[in-house]
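**Q**
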Amino acid sequence: MTLVAEPKSPTTSSPTHAVGQTSLRWHTFTSCEATMAMSEWQDLARRLQSAGLTDHPDWVSCWLKHYGKLVPHHFLAAFSGEELRGITLLTSGTGQRNGPFTVDTVHLGTAGEPTGHSVVVEYNRPLVEPGFEQEFAAGVWSHLNCDLRWEQLRLDGIHAEDLHVWQNLLPEADIRRRESCYFDFNAARESGKDLLSCLGSSTRSNIRRRLKKYGELETRWAETGTEAAEYFEELIELHQARWQSVGQPGAFASKVFLDFQRDAVIRLVESRRGVVFRVRHEGETVGCLFLLNDRNRLLDYLSGFADFQAKPSIGLVSHYLCMEAALARGFDDYDFLVGEKQHKQNLSNNATEICWLTWTRPSWKSRCIDGLRSAKRLIDRIRGKQPDSPN
């Protein structure tokens, strides 16, 4: 039986399918059946008690509320008997490109948004009962492979530890790996040292110097959704001012992104899956952080800081103060996610990898794109070998 990604008649009840050779029984939920799918998702999360952030119904339902009409999607669920073993969101990318060419993509999880509007998911994963990961991934791949409409499969922001099940299925896929620096709080606890003593000597000196210069800094960890919403508005203001001062629109220039984040910050703080931390100096807010809680691992997601000329190293100081508070509250790690900013190296004691997997379906179009890229690389090499033209 051919299994397409979204039935042509979305009002028709979704059938149950046997996908590939797995022992699981598979069921698709259309976008019109999102309420039913999310009810199943909620039940599974409640039973497993192991959902992280991006595979938790709080995150997924918030994304669907704001992006559901913008990004085509459906759900795939796997059962053994009457017991749900795993569920995932599958999306059809909107406005995706492969270099200068448009491409029809399919994505796992809350991804596939238009450029400039994405939530930029990291630590992305489906919700699957332990022990069923490989079988679930095989079923998802079999399900997707029946749909001939997409050209490229993209798994966005997958942690390296979760990637092996997909590499087994797609050994020829392209994988882009990015370092994600983090601070391991448990290593600090085991060492018996305080946080500052675990950092490099130059970083310690800089933090001590800045703290002495600033004097009294007021810090607040938002305990309620109302507090979080208040602090988050200050984060938005600081973030936008910083980026607009260098001629960039800032992340919150996207209305759909802004609306999603305003909603998410309240939901996640109230469910203890998000943290908003504020730093004030001399009566004004100088730093705000919004972190996601993924299985007791804090993810540095969004931030806003005062102008660095007026408040030197305020980003470094704000993160350090938040890390101290997080250490005291019993978190395992403080993850800075991908990016090249210097404070991520300075405040870390370990690193992991976040990966983006791309598998391109063989076609005349993909072969043409590969041919053009090979030709461009050859031309670039030839040009690079040419001597400089005489004056």
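Under numbering that gives the first Met the number 0, think of the first position of the sequence shown as 0, with each following residue one higher. Note that CB positions come from ideal geometry on N, CA and C, so glycine has one too.
Using C-beta distances below 6 Å, list every residue in its chain close to P113, excluding the 5 sequence neighbours before and after it, in chain order.
**A** Translated into the one-based positions of the sequence shown, residue 113 becomes position 114. A distance below 6 Å between beta-carbons, with the five flanking residues on each side excluded, links P113 to the following residues of its chain, in chain order: T93 and G94.
**Q** Would T29 and H73 qualify as a contact pair, given that the criterion is a beta-carbon distance under 9 Å?
**A** The count along the sequence shown starts at 1 and reaches residue 29 at position 30. The count along the sequence shown starts at 1 and reaches residue 73 at position 74. Inclusion of T29 and H73 in the CB contact set at 9 Å is warranted, their separation being smaller than that value.
**Q** Residue range of the beta strand (DSSP E) that H238 falls in?
**A** In the sequence shown, the residue the question calls residue 238 occupies position 239. For H238, there is no enclosing beta strand (DSSP E); the residue is found in the alpha helix (DSSP H) stretching over G224 to Q243.
**Q** For A76, which three-state DSSP category applies?
**A** As a working note, residue 76 is residue 77 in the sequence shown. Here A76 carries a strand assignment [DSSP, helix/strand/coil].
**Q** What span of residues does the beta strand (DSSP E) with V285 cover, start to end?
**A** In the sequence shown, counting from the first residue as 1, residue 285 sits at position 286. Run containing V285: E283 to D293, per the beta strand (DSSP E) assignment.
**Q** Let me check understanding here. Comparing Cα to Cα, which of C61, F276, Q133 and S200 lies closest to R84?
**A** Walking along the sequence shown from the start, residue 84 turns up at place 85. Out of C61, F276, Q133 and S200, Q133 has the C-alpha closest to the C-alpha of R84.
**Q** Starting from the C-beta of V102, find all residues in its chain whose C-beta is less than 7 Å away, skip the five residues before and the five after it, and write them out in chain order.
**A** Here residue 102 refers to the residue found at position 103 when the sequence shown is read from its first residue. The residues are Q95, R96, E150 and Q151.
**Q** So, under 8 Å CB-CB, Q162 and L356 are touching, yes? Tell me the CB distance rounded to an integer number of Å.
**A** Start at 1 with the first residue of the sequence shown, and residue 162 comes out as number 163. Start at 1 with the first residue of the sequence shown, and residue 356 comes out as number 357. A small fix is needed here, since residue 162 is Leu in this sequence, not Gln. Confirmed, Cβ separation roughly 7 Å.
**Q** May I have a chain-ordered list of the alpha helix (DSSP H) segments no shorter than 4 residues that lie completely inside the stretch 293-331?
**A** 313-327
**Q** Rounded to the nearest angstrom, what separates D379 and S373 at their Cα positions?
**A** Within the sequence shown, numbered from 1, the residue matching residue 379 stands at position 380. Within the sequence shown, numbered from 1, the residue matching residue 373 stands at position 374. Cα to Cα, the separation comes out at about 10 Å.
**Q** Cβ of R241 within 9 Å of Cβ of V316?
**A** The count along the sequence shown starts at 1 and reaches residue 241 at position 242. The count along the sequence shown starts at 1 and reaches residue 316 at position 317. No, Cβ-Cβ distance for R241 and V316 is not below 9 Å.
**Q** Measure the CB-CB distance between V59 and T27 and report whether it falls below 9 Å.
**A** Start at 1 with the first residue of the sequence shown, and residue 59 comes out as number 60. Start at 1 with the first residue of the sequence shown, and residue 27 comes out as number 28. No.
**Q** Compute the beta-carbon to beta-carbon distance between E32 and I86, rounded to the nearest angstrom, for a pair I have assumed lies under 8 Å.
**A** In the sequence shown, counting from the first residue as 1, residue 32 sits at position 33. In the sequence shown, counting from the first residue as 1, residue 86 sits at position 87. Not quite, the Cβ-Cβ distance comes to about 12 Å (not below 8 Å), so this is no contact.
**Q** Give a single yes or no on whether T109 has its beta carbon closer than 8 Å to a heavy atom of the ligand GDP.
**A** Although the ligand GDP was asked about, the structure shown includes no ligands whatsoever.
**Q** Taking only three categories from DSSP, how would you classify H106?
**A** In the sequence shown, residue 106 corresponds to position 107, counting from 1. Note: H106 maps to strand in three-state DSSP.
**Q** Curious, which full-length beta strand (DSSP E) runs of at least 3 residues does the stretch 107-169 contain?
**A** 151-158
**Q** Could you check whether A187 and L168 sit closer than 9 Å to each other, using their CB atoms as the reference points?
**A** As a first step, residue 168 is located in the sequence shown; it is residue number 169 there, counting from the start. As a first step, residue 187 is located in the sequence shown; it is residue number 188 there, counting from the start. It is not a contact, given that the beta carbons lie outside the stated cut-off.
**Q** Should R376 be labelled buried (16 or more other beta-carbon atoms within 10 Å of its own) or exposed?
**A** What you label residue 376 is simply residue 377 of the sequence shown in a count that begins at 1. Burial call: exposed.
**Q** Here's a check: name, in chain order, each residue in its chain whose Cβ is nearer than 7 Å to the Cβ of C321, leaving out the five neighbours to either side.
**A** Locating residue 321 in the sequence shown gives position 322, where the first residue counts as 1. Closer than 7 Å at Cβ, skipping near neighbours: F276 and L288.
**Q** Mind checking which residues open and close the beta strand (DSSP E) that includes N349?
**A** Position 350 of the sequence shown, counting from 1, holds the residue named residue 349. It spans N349 to T359 - the beta strand (DSSP E) in which N349 sits, taken as one unbroken run.
**Q** Quick check on the burial criterion: 16 or more other C-beta atoms within 10 angstroms. Buried or exposed for F100?
**A** Sequence index remark: in the sequence shown, residue 100 carries index 101 (1-based). Flag for F100 reads exposed.
**Q** Kindly confirm or deny that the stretch 178-197 and the stretch 347-354 touch, where touching means at least three C-beta pairs closer than 8 Å.
**A** yes
**Q** What are the partner residues of S91, as DSSP defines its beta bridges?
**A** Translated into positions along the sequence shown, residue 91 becomes position 92. For S91, which the question treats as bridged, DSSP gives the partners V105.
**Q** Are the beta-carbon atoms of C61 and A263 separated by less than 9 Å?
**A** For the purposes of this step, residue 61 is taken as the residue at position 62 of the sequence shown. For the purposes of this step, residue 263 is taken as the residue at position 264 of the sequence shown. Yes; because the gap between Cβ atoms is below 9 Å, this pair is in contact.
**Q** Just curious, the alpha helix (DSSP H) that T34 is in, first and last residue?
**A** Translated into positions along the sequence shown, residue 34 becomes position 35. It spans A33 to L47 - the alpha helix (DSSP H) in which T34 sits, taken as one unbroken run.
**Q** Looking at C-alpha atoms only, which residue of C354, K68 and S312 is the closest neighbour of V120?
**A** The sequence position of residue 120 within the sequence shown is 121, counting from 1. Of C354, K68 and S312, the residue nearest in Cα terms is C354.
**Q** Using the Cβ count rule (16 or more neighbours within 10 Å means buried), how would you classify I313?
**A** Here residue 313 corresponds to residue number 314 of the sequence shown, with the count starting at 1. That one is buried.
**Q** Mark P170 as exposed unless 16 or more other C-beta atoms lie within 10 angstroms of its C-beta, in which case mark it buried.
**A** Translated into the one-based positions of the sequence shown, residue 170 becomes position 171. By the 10 Å Cβ count, P170 comes out exposed.
**Q** At the level of alpha carbons, what is the spacing between S79 and S22?
**A** Taking the first residue of the sequence shown as 1, we reach residue 79 at position 80. Taking the first residue of the sequence shown as 1, we reach residue 22 at position 23. Cα to Cα, the separation comes out at about 7 Å.
**Q** For V337, which residues in the same chain have their Cβ closer than 6 Å to its Cβ, ignoring the five residues on either side in sequence?
**A** Position 338 of the sequence shown, counted from the start, is the residue given in the question as residue 337. So the qualifying residues of the chain are R177, S179 and I353.
**Q** Indicate the three-state DSSP secondary structure (helix, strand or coil) for R382 in the structure shown.
**A** Within the sequence shown, residue 382 is the residue found at index 383, counting from 1. It is helical.
**Q** Counting along the chain, where does the alpha helix (DSSP H) carrying S204 start and finish?
**A** Locating residue 204 in the sequence shown gives position 205, where the first residue counts as 1. Start and end: S200 to Y213.
**Q** Is V70 helix, strand or coil when you go by DSSP?
**A** Along the sequence shown, one-based indexing puts residue 70 at 71. DSSP places V70 in coil when its eight states are reduced to three.
**Q** Taking just the CA atoms, how far does G273 sit from C145?
**A** In the sequence shown, residue 145 corresponds to position 146, counting from 1. In the sequence shown, residue 273 corresponds to position 274, counting from 1. Whole-angstrom Cα-Cα distance: 37 Å.
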